[in-house]
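S.K.: Take this structure first; my questions come after.
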Amino acid sequence: MLLELLVQIINEPCFNILRTKEQLGYFVFSGIRRSNGVQGLRVIVQSERHPSYVDQRVEAFLAKMEDYIVDMTSEEFERHKEALAAHRLEKPKKLSVLSARFWLEITSQQYNFDRANIEVAHLRGLQKEDILDFYRELIHHSAPRRHKLAVHVVSMAEGGAGLEGNVHVASENEVIDGLVPPPPCKEPTKIEDITDFKSSQGMFPLVQPYISINTNSTKSKL
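Residue numbering for the sequence shown follows our numbering, starting at 38 and increasing by one per position.
The structure is reproduced here in structure tokens:
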């Protein structure tokens with residue numbers, strides 16, 4: 038629930054800063070990316086600017102969120118918690134939505150059919166310090182457990198974003214266009230071969246099911 042609450046907190050500032058103030062592009066989105074039991078924070082921007090510049094502005098935004106959370110009042114923090122709780126506990130308006138939710142538990146072999154109530158109970162026990170610790174451990178540009186994957190899609194058509202060589206990389210204290218400068222980040226590693234990169238990575242541990250079910254028996258009990 039820490040990641041979901043963090044996304045709830047930064048969602049509006051992300052749109053206001055990157056979309057409205059900096060006008061990076063029409064499509065600006067922040068949310069959670071989940072795949073095979075692994076989740077992470079994602080920020081998607083469709084822009085006329087080169088992805089390298091957009092990447093700098095996203096990093097500057099994320100760095101700014103530490104002070105944003107620190108300065109948040111207890112009342113504001115509680116409102117974010119209750120807004121997320123209400124969203125998670127909202128009853129499905131269609132049977133297909135409820136069915137898909139149950140089938141996700143089955144196909145993922147987790148079988149936690151009361152997940153919303155259990156996770157909301159945990160959510161309501163979280164404090165602002167928990168979110169700050171989570172941010173500093175995993176999201177901050179110098180976070181010890183941070184892992185970042187940046188996917189740059191560049192149009193080479195006429196009027197596209199152009200070549201990366203045309204993009205000025207701002208230094209830590211350099212102000213461009215009157216905007217907050219990006220933080221100092223590690224030099225990225227360019228992935229030349231996706232297959233080789235994937236094969237070089239370790240596997241995440243298998244999440245244990247919430248309910249232990251014997252799937253070896255094929256005999257019907259009906």
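The beta carbon of each residue, even a glycine, is placed where N, CA and C say it ideally should be.
Values in this document were obtained by computation on a predicted structure and should not be read as measured data.
1. Can you give me the C-alpha to C-alpha distance between E112 and V157, rounded to a whole angstrom?
2. Which full runs of the alpha helix (DSSP H) of 4+ residues lie inside the segment 63-96, going along the chain?
3. For the segment 115-127 against the segment 215-229, are there 3 or more C-beta pairs whose distance is under 8 Å?
4. When the Cα atoms are used, what is the spatial distance from S145 to V244?
5. On the three-state DSSP scale, how would you describe M222?
6. Just mark E174 as buried or exposed, buried being the case when its beta carbon has 16 or more other beta carbons within 10 Å.
7. Can you give the beta carbon distance from P88 to V191, rounded, assuming they're within the 8 Å contact cut?
8. Looking at the structure shown, is Y172 part of a helix, part of a strand, or coil, going by DSSP?
9. DSSP three-state label for L132, please.
10. Look up R152 in the DSSP assignment and say whether it is helix, strand or coil.
11. Taking C-beta to C-beta, are V44 and R56 nearer than 7 Å?
12. By Cβ distance, which residues of its chain are closer than 7 Å to K101, with the 5 residues on each side in sequence left out?
13. Excluding the 5 residues flanking L126 on each side, which residues of the same chain have their C-beta closer than 8 Å to its C-beta?
14. Going by beta-carbon coordinates alone, are R70 and R79 separated by less than 7 Å?
15. For V95, collect the residues of the same chain with a Cβ closer than 8 Å to its Cβ; drop the 5 residues on either side in sequence, then sort them by chain order.
16. Quick check on the DSSP output: the alpha helix (DSSP H) that includes F262 runs from which residue to which?
17. Nearest to I47 by CA position, among H189, L169 and L61, is which residue?
18. What is the residue span of the alpha helix (DSSP H) that L126 lies within?
19. Output the distance between the C-alpha atoms of I228 and L186, rounded to the nearest integer angstrom.
20. Under three-state DSSP, which class holds S249?
21. Taking C-alpha atoms, which residue in A123, T232, D151 and H177 lies nearest to L135?
22. Buried or exposed: V75, going by 16 or more other Cβ atoms within 10 Å of its Cβ?
M.R.: Answer, in terms of the structure:
1. Counting from 1 along the sequence shown, the entry for residue 112 is found at position 75. Counting from 1 along the sequence shown, the entry for residue 157 is found at position 120. Approximately 18 Å, taken between the alpha carbons.
2. The qualifying runs do not exist here; there are none.
3. Fewer than three pairs of CB atoms, one per stretch, sit closer than 8 Å, so the segment 115-127 makes no contact with the segment 215-229.
4. Numbered from its first residue, the sequence shown carries residue 145 at position 108. Numbered from its first residue, the sequence shown carries residue 244 at position 207. Using only the alpha carbons, I get a separation of about 9 Å.
5. The residue given as residue 222 occupies position 185 in the sequence shown. Reading off the sequence shown, one finds Cys at residue 222, where the question assumed Met. When secondary structure is reduced to three states using DSSP, C222 falls in the coil class, being assigned neither helix nor strand.
6. The residue you call residue 174 lines up with position 137 of the sequence shown. That one is exposed.
7. Position 51 of the sequence shown holds residue 88. Position 154 of the sequence shown holds residue 191. Correct: roughly 6 Å between the Cβ atoms.
8. In the sequence shown, the residue the question calls residue 172 occupies position 135. Three-state DSSP puts Y172 in a helix.
9. One-based indexing of the sequence shown puts residue 132 at position 95. If DSSP states are grouped into helix, strand and coil, L132 belongs with the helices.
10. The residue you call residue 152 lines up with position 115 of the sequence shown. Correct three-state label for R152: helix.
11. Along the sequence shown, read from residue 1 onward, the residue named residue 44 stands at position 7. Along the sequence shown, read from residue 1 onward, the residue named residue 56 stands at position 19. A distance of 7 Å or more separates the beta carbons of V44 and R56.
12. Your numbering for residue 101 matches position 64 in the sequence shown. Within the same chain, K101 has close Cβ partners V217.
13. Position 89 of the sequence shown, counting from 1, holds the residue named residue 126. Closer than 8 Å at Cβ, skipping near neighbours: A153, N154 and V157.
14. For this step, residue 70 is matched to residue 33 along the sequence shown. For this step, residue 79 is matched to residue 42 along the sequence shown. Closer than 7 Å, so yes.
15. Walking along the sequence shown from the start, residue 95 turns up at place 58. Excluding the 5 residues flanking it on each side, V95 has same chain C-beta neighbours closer than 8 Å at L55, V80 and V82, in chain order.
16. With the chain covering only 38 through 259, there is no way to say anything about residue 262.
17. Counting from 1 along the sequence shown, the entry for residue 47 is found at position 10. Per the C-alpha coordinates, the member of H189, L169 and L61 positioned closest to I47 is L169.
18. One-based indexing of the sequence shown puts residue 126 at position 89. Boundaries of the alpha helix (DSSP H) harbouring L126: S111 to L126, taken from the DSSP string.
19. By 1-based counting over the sequence shown, the position of residue 228 is 191. By 1-based counting over the sequence shown, the position of residue 186 is 149. Those two C-alpha atoms are separated by around 10 Å.
20. Numbered from 1 along the sequence shown, position 212 holds the residue referred to as residue 249. Coil, per DSSP.
21. Taking the first residue of the sequence shown as position 1, residue 135 is located at position 98. Closest in alpha carbon position to L135, among A123, T232, D151 and H177, is D151.
22. Counted from its first residue, the sequence shown places residue 75 at position 38. Flag for V75 reads exposed.
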